[in-house]
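Student: Just dropping this structure here.
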């Protein structure tokens, strides 16, 4: 069974700025001493370490008053520290250790630090761990000295509130308030998330429309490019055919020119041949004329 083995106190209320250790044994523990010796402050130190934040539960008007000699002239840092060591051999506290040490420190500015087995943690985690082992503030019925007498003088509302604090209902009220706050925070986050989802959906719709437009434009571009390709192919085919036809015409003309050139060469050759024959004939005719003239001259002379 989870139980307190010892409490270490420093700078808390009447204990002063020195380490004080109070040992506990399992079962019923009785602490005796003269009035004003600090017996009740031990209980205050325990519930302080376990996360109690109500000053009146520790018989002060404000948490800062828990620090020893807070208004004195002591030099150096002023702080209150309380460490509660639990026997956890049965692992009721969900920590894998036979000894669980919970420490709370508070400085003179009211800033608190919590430690679990000397490692930094927070109040919420401490409360949750102790709740599992039924050792939290909600399960502790801490009745301070003089409380019963004061209750008899309270109004009905004060009695109700005090009794709720004593039996731990205020702890559950805190849990309820915290849960409601968390629920409100969750609702706000949900509203923000839904609003963001609406914006995201709107943006998705816009992107979808933009994508569809791009797809349509892409299809039109592809069709336009296809028609352009067909037109270009047809034009290329026409140009190719025209080029082929013109090449055929060119080749035909070239052939004809070559034929004409060949014929011209042949005619020129024939002309040259005829010119040669003409020259020969003219030479022969001239020779004949000269011979005839000579004969005629001879005949004339003979007559």
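Residue numbers (my numbering): 1215 to 1517. Every residue, glycine too, gets a C-beta built ideally from N, C-alpha and C. Please read these numbers as outputs of a predicted model, since none were measured by experiment.
Quick one: what does DSSP say residue 1292 is sitting in, helix, strand or coil?
Tutor: The answer is coil: DSSP assigns residue 1292 none of H, G, I, E or B.
Student: Does the stretch 1257-1270 come within contact of the stretch 1306-1315, defined as at least 3 CB pairs closer than 8 Å?
Tutor: Segments in contact, no.
Student: Apart from the five residues on each side of it in sequence, which residues of its chain come closer than 6 Å, Cβ to Cβ, to residue 1474?
Tutor: There are no such residues.
Student: For a quick check, are the C-beta atoms of residue 1238 and residue 1253 less than 7 Å apart?
Tutor: No, they are not a contact pair.
Student: List the residues that DSSP assigns as beta-bridge partners of residue 1411.
Tutor: Its beta-bridge partners do not exist; DSSP assigns none.
Student: How would you write the range of the alpha helix (DSSP H) that residue 1331 sits in, first residue to last?
Tutor: No alpha helix (DSSP H) contains residue 1331, which DSSP labels as neither H nor E.
Student: What's the C-alpha gap between residue 1336 and residue 1315?
Tutor: Rounded to whole angstroms, residue 1336 to residue 1315 spans 14 Å at the Cα level.
Student: Would you call residue 1363 buried or exposed, if buried means 16 or more other Cβ atoms sit within 10 Å of its Cβ?
Tutor: With fewer than 16 other Cβ atoms within 10 Å, it is exposed.
Student: Just the Cα atoms here: how many angstroms apart are residue 1424 and residue 1413?
Tutor: Rounded to the nearest angstrom, the two C-alpha atoms are 16 Å apart.
Student: For the alpha helix (DSSP H) containing residue 1253, list its first residue and its last residue.
Tutor: Per DSSP, residue 1253 belongs to the alpha helix (DSSP H) from 1253-1263.
Student: Please determine if the stretch 1223-1232 and the stretch 1264-1281 are in contact, where contact requires at least 3 C-beta pairs separated by less than 8 Å.
Tutor: Flag = yes, the stretch 1223-1232 and the stretch 1264-1281 touch.
Student: Grab me the residues of residue 1274's own chain with a C-beta within less than 7 Å of its C-beta, minus the 5 sequence neighbours each way, in chain order.
Tutor: Around residue 1274: 1280.
Student: Which residues does DSSP list as the beta-bridge partners of residue 1206?
Tutor: Residue 1206 falls outside the range modelled here, since the chain spans only 1215 to 1517, and no answer is possible.
Student: Shortest alpha-carbon distance to residue 1317 belongs to which of 1324, 1311 and 1299?
Tutor: The shortest Cα separation from residue 1317 among 1324, 1311 and 1299 belongs to 1299.
Student: Looking only at DSSP bridge pairs, what is residue 1315 linked to?
Tutor: Its beta-bridge partners are 1299.
Student: DSSP has residue 1496 in a bridge; who is on the other side?
Tutor: DSSP, once it has assigned bridges, lists no residue as partnering residue 1496.
Student: Cβ of residue 1256 within 7 Å of Cβ of residue 1236?
Tutor: Cβ distance < 7 Å, so residue 1256 and residue 1236 count as in contact.
Student: If distances are taken between C-alpha atoms only, which option among 1229, 1268, 1271 and 1240 comes closest to residue 1251?
Tutor: Of 1229, 1268, 1271 and 1240, the residue nearest in Cα terms is 1229.
Student: Could you tell me which residues DSSP puts in a beta bridge with residue 1238?
Tutor: DSSP, once it has assigned bridges, lists no residue as partnering residue 1238.
Student: Whose CA, out of 1405, 1446, 1371 and 1328, lies closest to the CA of residue 1295?
Tutor: It is 1328 whose Cα lies nearest to the Cα of residue 1295.
Student: In whole angstroms, what separates the C-alpha of residue 1457 from that of residue 1421?
Tutor: Approximately 51 Å between the Cα atoms of the pair.
Student: Could you tell me the alpha carbon to alpha carbon distance between residue 1514 and residue 1501, rounded to whole angstroms?
Tutor: Distance between the alpha carbons of residue 1514 and residue 1501 is about 20 Å.
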